Structure formats: C-alpha cells, structure tokens
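>
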Amino acid sequence: MKKELRTTEGAAPIGAYSQGIVVGDFVYTSGAGPLDPQTGELVGDDVAAQTHRTMQNLGAILAAHGLGFDDVVKATVHLQHLKRDFAAFNEVYKSYFNQPYPVRTTVGSDLMDILVEIDFVAHKSA
Numbered sequence: 001m002k003k004e005l006r007t008t009e010g011a012a013p014i015g016a017y018s019q020g021i022v023v024g025d026f027v028y029t030s031g032a033g034p035l036d037p038q039t040g041e042l043v044g045d046d047v048a049a050q051t052h053r054t055m056q057n058l059g060a061i062l063a064a065h066g067l068g069f070d071d072v073v074k075a076t077v078h079l080q081h082l083k084r085d086f087a088a089f090n091e092v093y094k095s096y097f098n099q100p101y102p103v104r105t106t107v108g109s110d111l112m113d114i115l116v117e118i119d120f121v122a123h124k125s126a
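The structure is reproduced here in structure tokens:
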C-alpha cells in the first residue's frame, strides 16, 4: 500500500506526479527543482542557489513524513552542465548531510530551464 506525501512547504508538482510516496518504511520523492513553493517561480541563476532551493524543497517533503536528510539512503542528481557545475553543486549538497553520505548517482541531463533536479529515497529507521 502506498500513501501520497504532499506539503505546501515544497514546490508543487507541475505535472501528473506526487511530491512523495510512502511505501512501508521508505519514502520516495519525485525529482525536485529550484522552484519557490509559494510562487512557483525559479529561484537562483547559478547552480549553488538552485541546489539550496532544491534541497529545501526536498527537506520539506521529507519533513511531511517526519524524516530529515539523515534518513536519505539514495539520491539521484541531474545537472544541466555536469562538468561546469559539479564542484559548486557538490559543495552545497554535502552541507545538508552528515557522514555516511547517501549513495548517489549524478548525471548530465537536458533539463527544462533549470540547472539541477534531485530525487531521494529515504528510510524511516525503527
């Protein structure tokens, strides 16, 4: 059985998908980007600012189920400009986590007018 997660503290979906889904002890988020949850407008013009906003959106989705960044076990990251932006993205990203970091896949993708998109798998510890 799956349960939808929804919060106004994270950017609203712009298509036919949920912000997050709970299945058992796992939370799966959709890919989140750097949109302001109140206005729906793009936040930031560089990858660092966009990564901060994206992580805040994901943090809100996790919080809607009582989870935080320490509960994240897997991240998938899409960067519009992988070679150019990886270092700046990584500096911001790692500031949200404690070690051990979640496993992660980072790929270059053709994104629609944004520089970063991230999704998580998190586990609610017993």
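Following my numbering, the numbering of the sequence shown begins with 1 at its first residue and continues without gaps.
The C-beta atom is built at its ideal place from N, Cα and C for all residues, glycine as well.
Please read these numbers as outputs of a predicted model, since none were measured by experiment.
Where does R104 fall in DSSP's three states?
Strand, per DSSP.
> Residues bridged to E35 by DSSP?
It is Leu, not Glu, that sits at residue 35 in the sequence shown. Per DSSP, L42.
> Which residues bound the beta strand (DSSP E) around E117?
V116 to H123 is the span of the beta strand (DSSP E), which, as asked, contains E117.
> G44 and Q38: beta carbons closer than 8 angstroms?
Cβ distance not < 8 angstroms, so G44 and Q38 don't count as in contact.
> Let me confirm a value: S30 is counted as buried when at least 16 other C-beta atoms fall within 10 Å, else exposed. Which label applies?
Label assigned to S30: buried.
> Can you name, in chain order, every residue of its own chain whose Cβ lies under 8 angstroms from the Cβ of T129, other than the five neighbours on each side?
No statement about residue 129 is possible, as the shown extent of the chain runs from 1 to 126 and does not include it.
> For V77 versus A122, is the C-beta spacing smaller than 8 angstroms?
Going by C-beta atoms, V77 is not nearer than 8 angstroms to A122.
> Between the alpha carbons of A126 and P102, how many angstroms are there, rounded?
Legend: pLDDT at A126 = 48, less than 50; position of this residue unreliable, no value from coordinates given.
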